[in-house]
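**Student:**
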Amino acid sequence: MDAVTTAAGPSARPPAPAPAPTRTRRFGLGRGAPPLLAVPLLFLTGCLVVPLFFVLRTAFSDESDVTFLSTVQDPLFRAALLRTIVMAAVVTVICVVLGLVFALALSMTRGAVRAVLGAGLAATFVISLMVRTYGWIILMQPKGLLADLLNTLHVLDGPLDLLQTAPAMYLGMVHVMLPYSVLLTYSVIQGLDPNQLKAARGMGASGLLTFRRVVLPQIMSGVAAGAILVFMISLSFYVTPAFLGGPTQLTMGTLIGREMGEIFDFKSAAIMGTILLAVVGALYLLAERLFRISEMWENT
Numbered sequence: 001m002d003a004v005t006t007a008a009g010p011s012a013r014p015p016a017p018a019p020a021p022t023r024t025r026r027f028g029l030g031r032g033a034p035p036l037l038a039v040p041l042l043f044l045t046g047c048l049v050v051p052l053f054f055v056l057r058t059a060f061s062d063e064s065d066v067t068f069l070s071t072v073q074d075p076l077f078r079a080a081l082l083r084t085i086v087m088a089a090v091v092t093v094i095c096v097v098l099g100l101v102f103a104l105a106l107s108m109t110r111g112a113v114r115a116v117l118g119a120g121l122a123a124t125f126v127i128s129l130m131v132r133t134y135g136w137i138i139l140m141q142p143k144g145l146l147a148d149l150l151n152t153l154h155v156l157d158g159p160l161d162l163l164q165t166a167p168a169m170y171l172g173m174v175h176v177m178l179p180y181s182v183l184l185t186y187s188v189i190q191g192l193d194p195n196q197l198k199a200a201r202g203m204g205a206s207g208l209l210t211f212r213r214v215v216l217p218q219i220m221s222g223v224a225a226g227a228i229l230v231f232m233i234s235l236s237f238y239v240t241p242a243f244l245g246g247p248t249q250l251t252m253g254t255l256i257g258r259e260m261g262e263i264f265d266f267k268s269a270a271i272m273g274t275i276l277l278a279v280v281g282a283l284y285l286l287a288e289r290l291f292r293i294s295e296m297w298e299n300t
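Just so we're aligned, residue 1 is where the sequence shown starts under the numbering used here, counting upward by one.
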């Protein structure tokens, strides 16, 4: 036994463990990654860090008597903040449901139907946001196309009172945010193993049971990622709430825009923006603690 061990020599020793992958290798990047990353880092610094620095400096400056406490105590600010959170939550729920249905339809259909669905989804990114918003304004006019249709169907008798209301704002926001939810959900649906679906059907599971026990647990990462993205973007949206919601449906975006464009109170606008940023950050940290959002993003 000793002779065999001696004869084997160093070759009998267990192989050394492989070196742990570096951060660069872990993300599939080569040694030339740092120079390549310099460009996006400079872009983020110029477009995010520097403007954020000036916003914070203005918010904490002594330009006026406005303070964080007086801003929080303002009933108009509190109403706008609450309305913004409610709007973002409602839009997120609707986008998650419709996005899941649209993504499933896009993955299950073939031929012309799938081409039409894909073209409709792509059109939302090609057509300008302002064009789509003005399209809703034309459609929702008191005597516009939608009013004519509803009057023809005897659903409505008279002008349509929909423009610059909360439902109009929600409808426009869903139209804008829905593609983001669809894309993230569709990306995880494409990664499903067809053999699992066949096995579920072979064992006699119904379509609803297969979706609930097999499909839904595997696509929850994409659904949750889409929900977080839609909610965060909706909190700071300006164009659609301003045009479709009007002055009676002030959100944080429209309120900050009014402080800057009409009243020229840049410190109040900076304070409101800082508070909104803090609220978004707190909500994200809460979602990270409850749902592990970072892991969902890695799996998407």
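Quick reminder that beta carbons are idealized off the backbone N, C-alpha and C, glycines included.
A quick note: this is a predicted structure, and the numbers were derived from the prediction, not measured.
Output needed for residue 164: all residues of its chain with C-beta closer than 6 Å, excluding positions within five of it in sequence on either side, in chain order.
**Tutor:** 246
**Student:** Touching or not, the region 270 to 280 and the region 51 to 61, by the rule of three or more beta carbon pairs under 8 Å?
**Tutor:** yes
**Student:** Grab the span of the alpha helix (DSSP H) containing residue 84 for me, first residue to last.
**Tutor:** Note, residue 84: alpha helix (DSSP H), 75 to 108.
**Student:** Considering just the uninterrupted stretch of the alpha helix (DSSP H) at residue 245, what are its terminal residues?
**Tutor:** Premise fails: residue 245 is in no alpha helix (DSSP H) and is neither H nor E.
**Student:** Enumerate in chain order the residues of its own chain whose CB-to-CB distance from residue 89 is below 8 Å, with the five nearest sequence positions on each side excluded.
**Tutor:** 231
**Student:** Do residue 169 and residue 217 count as a contact pair if the criterion is CB distance below 9 Å?
**Tutor:** no
**Student:** According to the neighbour-count rule (16 or more other Cβ atoms, all chains shown, within 10 Å of its Cβ), is residue 48 buried or exposed?
**Tutor:** exposed
**Student:** Tell me which residue opens and which closes the alpha helix (DSSP H) that residue 51 is part of.
**Tutor:** 50 to 59
**Student:** Does residue 99 get closer than 9 Å to chain C when you measure Cβ to Cβ?
**Tutor:** The structure shown contains no chain C; it holds only a single protein chain.
**Student:** Would you tell me roughly how many angstroms separate the C-alpha atoms of residue 84 and residue 243, rounded to the nearest one?
**Tutor:** 15 Å
**Student:** Looking at C-alpha atoms only, which residue of 174, 204, 224, 153 is the closest neighbour of residue 188?
**Tutor:** Looking at the Cα atoms, 224 is the closest of the given residues.
**Student:** Using three-state DSSP, classify residue 314 as helix, strand or coil.
**Tutor:** No answer is possible for residue 314: it lies beyond the span of the chain, which begins at 1 and ends at 300.
**Student:** Hey, out of 72, 292, 133, 86, whose CA is closest to residue 166's CA?
**Tutor:** 86
**Student:** Measuring only the C-alpha atoms, how far is residue 93 from residue 126?
**Tutor:** 25 Å
**Student:** Quick check: residue 77 and residue 274, are their CB atoms within less than 9 Å of each other?
**Tutor:** no
**Student:** Please work out which residues of its chain come closer than 6 Å, Cβ to Cβ, to residue 276, disregarding the five sequence neighbours upstream and downstream, and give them in chain order.
**Tutor:** 252
**Student:** Does residue 222 come out as helix, strand or coil in the three-state DSSP assignment?
**Tutor:** helix
**Student:** Measure the alpha-carbon distance for residue 173 versus residue 39 and round it to whole angstroms.
**Tutor:** 33 Å
**Student:** Please return the same chain residues whose Cβ sits closer than 8 Å to the Cβ of residue 35, not counting the five positions on each side in sequence.
**Tutor:** none
**Student:** Beta-carbon within less than 8 Å of residue 190's beta-carbon, same chain only, minus the 5 sequence neighbours each way: which residues are those?
**Tutor:** 107
**Student:** Report the residue ranges of all alpha helix (DSSP H) runs contained in full by the region 167 to 238; include only those spanning at least 4 residues, in chain order.
**Tutor:** 194 to 202, 207 to 210, 216 to 235
**Student:** Let me know if residue 262 comes out buried or exposed under the rule of 16 or more other beta-carbons within 10 Å of its beta-carbon.
**Tutor:** exposed
**Student:** Excluding the 5 residues flanking residue 177 on each side, which residues of the same chain have their C-beta closer than 7 Å to its C-beta?
**Tutor:** 91, 95, 230, 233, 234, listed in sequence order.
**Student:** Roughly how far, in whole angstroms, is the beta-carbon of residue 130 from the beta-carbon of residue 162, given that I think they are within contact range, below 8 Å?
**Tutor:** About 20 Å separates the two Cβ atoms, so there is no contact after all.
**Student:** Going by the beta-carbon positions, is the gap between residue 214 and residue 197 smaller than 9 Å?
**Tutor:** yes
**Student:** For the alpha helix (DSSP H) that residue 113 lies in, which residues bound it at each end?
**Tutor:** 111 to 126
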